[in-house]
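Structure record follows, encoded as structure tokens.
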Amino acid sequence: MKRNSIDHATMRDMNLTLILSTLRQHAPLSRSQLAAHTGLNKATVSSIVKELLASELVYELGSTNGTSEVGRPATNLELNPDAGYIIGVEIGVDFISIIIANFAIGVVSRRYESTVNRYDQQDILDRLLYLLKESVVQVELRGRPLFGIGLGVPGLVDVSSGTLLFAPNLQWSNLPLRQFVANEFDVPVYVGNEANMAALGESYFGAGQHCSYML
111 MKRNSIDHAT
121 MRDMNLTLIL
131 STLRQHAPLS
141 RSQLAAHTGL
151 NKATVSSIVK
161 ELLASELVYE
171 LGSTNGTSEV
181 GRPATNLELN
191 PDAGYIIGVE
201 IGVDFISIII
211 ANFAIGVVSR
221 RYESTVNRYD
231 QQDILDRLLY
241 LLKESVVQVE
251 LRGRPLFGIG
261 LGVPGLVDVS
271 SGTLLFAPNL
281 QWSNLPLRQF
291 VANEFDVPVY
301 VGNEANMAAL
311 GESYFGAGQH
321 CSYML
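Under our numbering, the first residue of the sequence shown carries the number 111, and numbering increases by one thereafter.
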């Protein structure tokens, strides 16, 4: 019984993530359109949408030109941009770039700082924390939650642990970057290779949206 409940919870989380991802890419969509896009049945979509509306992660825009299965005007759904924020960081060979994005992945703040004159790893990491703390304050001033921090680095990353295994251009190795950041901020932290994260971004929001494969 316990295993079944865990499996059910995991499946629901996966379906919720699928619906959010679909809205992020294709909104506005009605519940029926969400079911068609995701392949989920309408009852599952309606249940999850009810949960998302209650948590203010999505909102209803109003009636569409179409009708629902019971003849009433269908209602479009869209992500609520002001539901919360995400901080994205790129650590380059000679720079740190930080953006703050809303829940609909609209960039609301961007900062770029050169690290050309910072040769020591700890010096760069200390500066990273300083810039992150500034960004967190910006989010707090908006009065909405910070959902997480994502960091892209130019090297080989163990994504499961968030460890930067080797970054030849930075001359860094075996750096527990996720833990380093998570020690300072009580939000989920994700660390990945910058090229992979850029490709993922293109596949969701850029030139690769309608491509099955990207090189």
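In this text, a Cβ means the ideal position worked out from N, Cα and C, and glycines have one as well.
Within a 10 Å sphere around the beta-carbon of residue 198 sit 16 or more other beta-carbons, which makes this residue buried. Going by C-alpha positions, residue 295 is about 36 Å away from residue 141.
Here residue 256 is near residue 246, since their CB atoms are less than 8 Å apart. In the structure shown, residue 123 falls within a helical segment according to DSSP collapsed to helix, strand and coil. Remark: three or more beta-carbon pairs, one from each stretch, lie closer than 8 Å, so the stretch 187-207 and the stretch 252-267 are flagged as touching. For residue 223, the pairing in a beta bridge is given by DSSP as 206. Inclusion of residue 204 and residue 224 in the CB contact set at 8 Å is warranted, their separation being smaller than that value.
In the DSSP assignment, the residues bridged to residue 197 are 210 and 259. Where residue 250 is concerned, the enclosing alpha helix (DSSP H) starts and stops at 231-251.
Collapsing the DSSP output to three states places residue 268 in a strand. With a beta-carbon spacing of about 5 Å, residue 222 and residue 207 fall inside the 8 Å limit used to define contacts. At a Cβ-Cβ threshold of 8 Å, residue 148 and residue 132 count as neighbours.
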